[in-house]
Each structure stands twice: as structure tokens, then as C-alpha cells.
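Input: a single structure, listed below in C-alpha cells.
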């Protein structure tokens, strides 16, 4: 899986074909299925579960959600439509039949004439800083602006008087809350980011002012600040040991518990400049995390470390809690929803409605290379790997004759195309998107082909942090062993059997497996649907060996087959040799082993092999050795001649 030459990479013949998830027959059937499921869910006055619509882009799940939001509004209900970002509102409102029913809830922002932003808050930066320190925004508003201005003059707060029944908000409104109340919440796209809270505290604020210096916990805070100030990196047992050991930490917290409850919720501020001096209000969260970790350590139970000293400060890996005022009906739209993750985030059972019809695309998958991040960014492999991947893409585009092909790949891979070979220039000219930034866009739907190049995956540190925040209640260590399992392709051979591939993953840990699928497999699925394969015939090339049931390949190919290279040659030099041999033959009527040795710097045996491979092509022939070609003593060189050459 990691493109390791010492790792056996091979297809496995399976007794049964990998199963493709059930799907409606047509797009129209899928659309009706979505509506029926949503209306049935809304008919239950007090559902104990949330409804998640998993349908590919192009099926119309957002269209159905907008239609249903307007239906609910017409019935006197208020709806929160939670989107992934503010500019997504333009996509939503374009589908609305009654735009007067909608209002986009504006964040605290300053005026920007270039973008059309209106000012909603004159203190955007200090109030954001205030909230980053752990305080409620209303505490700032009341203290700096006063209640009279908040209620009568503040553009941000006056939004609470808006009468429109449908409020377009953001994902974070399901965690951080919204001042209005709603009958139904409809969310669009993955909400994982709204729950993650990697809270960073600069070293000088780790120990707040006013604490009793005799308290063991105060002593511990100053020790943490000292470690951070001097560039230390500590977490888990190593951090507990630096603080005096798990028993000392647990005792210090037990003595401090009454004191932390007595800390005022917010300091008094009289101007926006006072925010810069305000302590962080982080001790309640820190106490809770450290207490859990100390207890686990005392029980000799390995645990995920969520308190870290790093980068000159304290980092706490937290998860924002679900807002308590969410209504019973929560509907979410996510083409690649993962049930286990949604249940962990929303603390509800989840019903997944899968409504993606059969794809109209032709899918080609090149299975004998992952093109993964480890190889594509390695110090010893990056230049070679990017060049070879560019050659694959350029060869596919040339052989298939695509006029407007698109690319989704790693950001750094696309950046590497700005200078270099002809293959890289071909790739650079293609419209493209990056992994983890391609969701929700329609910019590639007019392309005649899409190449998804690579196997995206979060680096180990980011992945571990994400898991620690998403599964915040878990205090048993994650099983991070990287194991291999055979996964089937949704592909049938001529004899009816299936094929599988050895794929690595965190197969021993259900939480990590769910997260890995959502950040690796799902990202490829999302990328493939940028060209709307449920709506039109289009070629999709997957340059990854990862079997994905949701993208059943019509053709499983080797790199050699994809690039049109014959057996027993280097696939990445074949095109160059063919180009050189053709030019020489067009000039002098033939090409010899001597030409290839001189012009391509090949070994004699390799040059001879390439000449013989030319004989196998329909445009070439073997004229046999002639006296004209004989140069001096010894055997004459092998010769290949273009069929139409004079």
C-alpha cells in the first residue's frame, strides 16, 4: 500500500464479488426516495434519531432540503439551515422558490466594500480574542457596548428580530448555539470541523493571576508554564511525571476543586484594550482533562493524551458540546456520511438514507500503485514520484484524446507542476482541485474526464488529534497498529469471481476505522463526484489502488496498461524512447541499437530489447540486418523501421 518495493503488491482472486451498496435505479427515483424519507421523519413528532441523507452530488439532496425547508416555513415553522461556509448560501438561495423566506445570519464582521460585506460589529477582533480566551460574547457586548446599544443599535444583535422563517447559519451553530430557536435543523456537508476544538493557551496565561501560591495546583500550573516557555514538548505520562507524578496531580486537583468553582466567570473589562490583559478561562477544562488522565495513569491504563505542552504553550484537545437547544428533528445532508461518526458527534442514533443511483461514468482504476502521501512527499522520492505521476496523467490524457480533463490531487503535487517536464506542463494546464478542499464545488462539472491522483490521508499527528477530539469521552488508548486486510473491488472478472487488494488501516479499532474511512476513502468519493457521474457519461480515472465499493471500476489496469507500454520495458521511459526512435526513423528511415545507445544513453542489452519491442508495434517492422547498416567487424546492430518510412 505504501509503494514499498519490498512489499508484495498483488491482486487477490476472491470467491465472491465485492458487494456494491444498494442504490435506487435512477436519479428521479433517488430524489423521490429522499423526499419520502424526510417527510416520514418529520411526521414523527418526537424522533429519537437524526436523519442523514447520503446521496451523491447531482442527485438533488440540497434541492430537496431547500424545498422542504420552504414547505415547513409555509406551515409556520422556523428552520435553521446550517451550511459549511457563508458563500455556500449563494448555492442554496439559487434553488429557493421563495427567497423572501430566507435570511443569511451574518457573523460579527467589519465592512469590506470590495466584497460587499456590511459591518455588523465595530469590535470584531477584540471580541473574537475574548471568545478565544474562553468567555461568552455577550459578556463583552454588555460590558463594552452596554445593553441599550445591544438591544437597539447593534447590527449583529438586531438580527434576532428578523422575521424570515428560514435562517441560513453555520455548522458551529449546532455546537456553540444560536440566539433563535428552531423547529427543525437541516445541515449540509460534513460537520466534523464544528465539533473540534484545539484550544491553545500561551505560556504566560497558563497560570491565571489571583490563585493561591500555596496551592499544589498553582505550583503545577507554574511548572507547566515554565516547561512551555522553554520550548518543551510533553504529553501523557511524560507530562504527568514532569508535574510530580500521577498521584501528585490527582491530589492537587482534588484540593483545588472548590477553588476552581469559585473563579469568576469573566473579569471586568472597561475597554476593548482590556481584553489583551485578560486571563484565559481554561482551568475548568484543564482540571477535567488532567483528572481523567491522572486516574487512568494510576490504574496503569493507557489513554489518549489530550493535554499537551508544545510550541510555547498549552494545547487542550477538546470537543465542543452539542447545543442543548437543538430541536428533536435534525436532518443532515452528507454524500459520504459515516454512521458511527455521526452517532459519536450528535449523541443520537442515526438513520442513513443512501440514495445514490448507478453511475453513468466509466471508471478506470490503476491498482498497482497507491501514489500515497508518504511517497509523494518523501525527501528521497518526491521528485521521482511527482514526475512519474505526471507521466501517468499525461499519457492517459494523450491516449484517450481528452479535450478538457480535470485533476484532483494533493496541493503540493499540483504546485510541483509549475516547472519541469512536458508531462508536468500537461498536468499544469488542467483545471484542478486539491484533496480536502474539493467538496461542494461545481467547477469541474463541464469537464470530459477526471483524474483522481493519489490516496489522501491525514498525517499521523493530525489524525491522532482529530480522533482524540471526536471521541472525547474515550479514555482507553487507540489501537494504532497499522494492519493489512484484503478488501474487495466492486468488479467481476470474466469468470464471475471478484478481485481484492491488501489494504492497510487501523482495522483493530472501530473508532479509528470510521475516521480513516471518512478522511481517506470518502475524500476520493467526493473528488470523483466533482464531474457529476450520476448525471452524465464521463471517464473517471482513479490512480490509487484503494478498493472503494461506491466507485465500482469498469476496468482494473496496471500502470503499464494505462500508459500503453509493452511488457518488460520501463513504463516511465518508454514514451521518451518511442518519441526519440520515431524522430530518428523519420529522419533516416530506420533506428538502430547504436542510435538508442548514443541518443538515450541506454545499455546495449537494453537498447536491443527496445528495438525488439518496436517490432511488436503495428507502425514498425523488422527489415533484418543489411550491408548498408553493417559498420565494421562484428554483428550488425538490430534495426527497426517505420512501416511508411522511405
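In my numbering, the protein residues as written are 5 to 650.
Cβ atoms here follow ideal geometry from the backbone N, Cα and C, with glycine treated the same way.
Neighbour-count burial assignment, residue i, 16 or more Cβ in a 10 Å radius
| i | result |
| --- | --- |
| residue 3 | The displayed coordinates of the chain run from 5 to 650. Any statement about residue 3 would go beyond what the structure contains. |
| residue 663 | A question about residue 663 goes unanswered here, because the residues of the chain that appear run from 5 up to 650. |
| residue 464 | exposed |
| residue 32 | exposed |
| residue 376 | buried |
| residue 447 | exposed |
| residue 436 | buried |
| residue 519 | buried |
| residue 109 | buried |
| residue 617 | buried |
| residue 418 | buried |
| residue 153 | exposed |
| residue 253 | buried |
| residue 134 | buried |
| residue 537 | buried |
| residue 416 | exposed |
| residue 550 | buried |
| residue 29 | exposed |
| residue 224 | buried |
| residue 303 | exposed |
| residue 374 | buried |
| residue 340 | buried |
| residue 590 | exposed |
| residue 129 | exposed |
| residue 76 | buried |
Alpha helix (DSSP H) segment containing residue i, residue limits
| i | result |
| --- | --- |
| residue 43 | 31 to 47 |
| residue 172 | First-last for residue 172: 170 to 174, but that is the beta strand (DSSP E), not the alpha helix (DSSP H). |
| residue 233 | 220 to 233 |
| residue 540 | Where residue 540 is concerned, there is no enclosing alpha helix (DSSP H), given that its DSSP letter is neither H nor E. |
| residue 151 | 151 to 156 |
| residue 289 | 287 to 302 |
| residue 369 | Premise fails: residue 369 lies in the beta strand (DSSP E), 366 to 370, not in any alpha helix (DSSP H). |
| residue 614 | 608 to 619 |
| residue 475 | Taken as a continuous stretch (DSSP letters only), residue 475 belongs to no alpha helix (DSSP H), as it is neither H nor E. |
| residue 531 | 526 to 532 |
Beta-ladder partner(s) of residue i, from DSSP
| i | result |
| --- | --- |
| residue 239 | 312 |
| residue 358 | 58 |
| residue 411 | 436, 455 |
| residue 333 | 188 |
| residue 376 | 459 |
| residue 645 | 625 |
| residue 161 | Paired residues: none, contrary to the question. |
| residue 53 | 353 |
| residue 547 | 457 |
| residue 116 | 121 |
N- and C-terminal bounds of the beta strand (DSSP E) containing residue i
| i | result |
| --- | --- |
| residue 487 | 487 to 496 |
| residue 206 | 200 to 206 |
| residue 319 | 317 to 323 |
| residue 83 | 83 to 87 |
Secondary structure of residue i, DSSP reduced to three states
| i | result |
| --- | --- |
| residue 128 | helix |
| residue 121 | strand |
| residue 192 | strand |
| residue 505 | strand |
| residue 273 | coil |
| residue 404 | helix |
| residue 279 | helix |
| residue 595 | strand |
| residue 210 | coil |
| residue 483 | coil |
| residue 652 | This structure cannot speak to residue 652, because the chain is shown only from 5 to 650. |
| residue 79 | coil |
| residue 353 | strand |
| residue 559 | strand |
| residue 666 | Nothing can be reported for residue 666, as the shown portion of the chain is limited to 5 through 650. |
| residue 17 | strand |
| residue 573 | coil |
| residue 106 | strand |
| residue 420 | helix |
| residue 305 | coil |
Cβ-heavy atom distance, residue i to the ligand GDP, below 7 Å
| i | result |
| --- | --- |
| residue 40 | The ligand GDP is not part of this structure, which contains no ligands at all. |
| field | Segment contact flag, the stretch 581 to 589 with the stretch 405 to 416, C-beta cutoff 8 Å, min 3 pairs | value | no
| said: Counting beta carbon pairs with one atom in the stretch 506 to 515 and one in the stretch 471 to 489, are three or more of them shorter than 8 Å? | reply: yes
| query | Okay, do the stretch 420 to 430 and the stretch 387 to 397 touch, 3+ Cβ pairs below 8 Å being the bar? | reply | yes
| said: Across the stretch 169 to 186 and the stretch 291 to 303, are there enough close Cβ pairs to call them in contact, namely three or more that are closer than 8 Å? | reply: no
| message | When you compare the stretch 186 to 199 with the stretch 82 to 98, are there three or more beta-carbon pairs, one atom per stretch, that lie closer than 8 Å? | response | yes
| query | Between the stretch 57 to 66 and the stretch 331 to 348, do at least 3 Cβ pairs fall closer than 8 Å? | reply | yes
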